[in-house]
Amino acid sequence: MKLSTKHFGEIDIDEKKIINFIDGIPGFEEEKRFVIIDNPEDGVPFKWLQSLDETELAFVIINPFIFKQDYEFNIPDQTIEKLKIKEEKDVAVYSIVNIPEDITKMTANLLGPVIINIKEMLGKQIVLDDNRYKTKHFILEEAKAKGKEE
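Taking numbering that gives the first Met the number 0, the leading residue of the sequence shown gets 0, the next gets one more, and so forth.
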C-alpha cells in the first residue's frame, strides 16, 4: 500500500502493520489508523507514528525504557480488554516526543504512554494517574543521569 507522508514523501507500507486506534489519539479522536515508521538513520531511537488518513499528522515516538529503565505502570483492565491483550510479550510501549528548536530540551510524555498490542495491531494512548511522571520529561537529562549511575 502506498502512503503519502510529510516527512518521508510517498512510501510503501505493509497493510499488516496498520495499527487501529479504536478511540483515536487524545486531541485527534477522528484519526484511527496509524503505522510506525522507523527512522531512516541507523542507531537513532526515534520512530514516527504516522496517520494513514492525514498526511500532515505524525508523532515522533520513542521506547521510553531506552532512557528511563525504571519506568513502570499498570495498564488499566479496560485497556487490556479493549486492546485484546493476552500476554505481556504482545505489548509495545511508546512515548510521544516533543522536539523543540533547542533539541537539548526535547521531552517525552511519560504520563500518556501509547500502548500497542503488536499481535492484534490495536493501539491506545492512556493517561496515567501517577505523580512520578510528567507530560514533559526531559530525555537528555534522564539519559545523563542514567550514564552517571553506570
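C-beta atoms are modelled at their ideal positions from N, C-alpha and C, and glycine is treated no differently.
These numbers come from a predicted model, not from an experiment.
(request) Answer with buried or exposed for GLU88, where buried requires no fewer than 16 other C-beta atoms within 10 angstroms of its C-beta. (result) Looking up residue 88 in the sequence shown gives position 89. Per the sequence presented here, residue 88 reads as Lys, with Glu not at that position. It is exposed - the Cβ of LYS88 has fewer than 16 other Cβ atoms within 10 Å.
(message) Under 8 Å: do the segment 41-55 and the segment 72-80 share three or more Cβ pairs, one atom per stretch?
(response) no
(request) Please check the pair LEU139 and ILE21, which I expect to be a contact at CB under 8 Å, by giving their CB distance rounded to whole angstroms. (result) What you label residue 139 is simply residue 140 of the sequence shown in a count that begins at 1. What you label residue 21 is simply residue 22 of the sequence shown in a count that begins at 1. The pair is not a contact, with the Cβ atoms about 34 Å apart (cut-off 8 Å).
(message) With H, G and I counted as helix, E and B as strand and the rest as coil, what does DSSP make of THR106?
(response) Translated into the one-based positions of the sequence shown, residue 106 becomes position 107. Annotated three-state conformation of THR106 is strand, per DSSP.
(request) Buried or exposed for LYS16, please, with buried defined as at least 16 other CB atoms from any protein chain shown within 10 angstroms of its CB. (result) On the sequence shown, position 17 is the one that residue 16 refers to. The residue in question, LYS16, is exposed, as its Cβ has fewer than 16 Cβ neighbours within 10 Å.
(request) Quick one: give me the first and last residue of the beta strand (DSSP E) that ASP129 is part of. (result) As a working mapping, residue 129 is identified with position 130 in the sequence shown. It is not in any beta strand (DSSP E) - ASP129 carries neither H nor E in the DSSP assignment.
(request) Ignore the nearest five residues each way along the sequence and tell me which others in LEU127's own chain have a CB closer than 6 Å to its CB. (result) Here residue 127 refers to the residue found at position 128 when the sequence shown is read from its first residue. Same-chain partners within the cutoff: PHE72, LEU110.
(request) Determine the DSSP secondary structure at LYS46, reduced to helix, strand or coil. (result) Here the question's residue 46 lines up with position 47 in the sequence shown. The answer is strand: DSSP assigns LYS46 an E or B state.
(request) Could you tell me the distance, in whole angstroms, from the CA atom of GLU141 to the CA atom of MET0? (result) Stepping through the sequence shown from its first residue, residue 141 is reached at position 142. Stepping through the sequence shown from its first residue, residue 0 is reached at position 1. One C-alpha to the other measures close to 38 Å.
(request) Out of ILE65, ILE60, LYS83, point me to the one whose CA is closest to PRO112's CA. (result) Position 113 of the sequence shown holds residue 112. Checking every option, the nearest Cα to that of PRO112 belongs to ILE60.
(message) Quick check: ILE24 and VAL34, are their CB atoms within less than 8 Å of each other?
(response) Along the sequence shown, one-based indexing puts residue 24 at 25. Along the sequence shown, one-based indexing puts residue 34 at 35. Going by C-beta atoms, ILE24 is not nearer than 8 Å to VAL34.
(request) Give a yes or no on whether the C-beta atoms belonging to VAL96 and ALA107 are separated by under 8 Å. (result) Start at 1 with the first residue of the sequence shown, and residue 96 comes out as number 97. Start at 1 with the first residue of the sequence shown, and residue 107 comes out as number 108. Yes, these two residues count as a Cβ contact at 8 Å.
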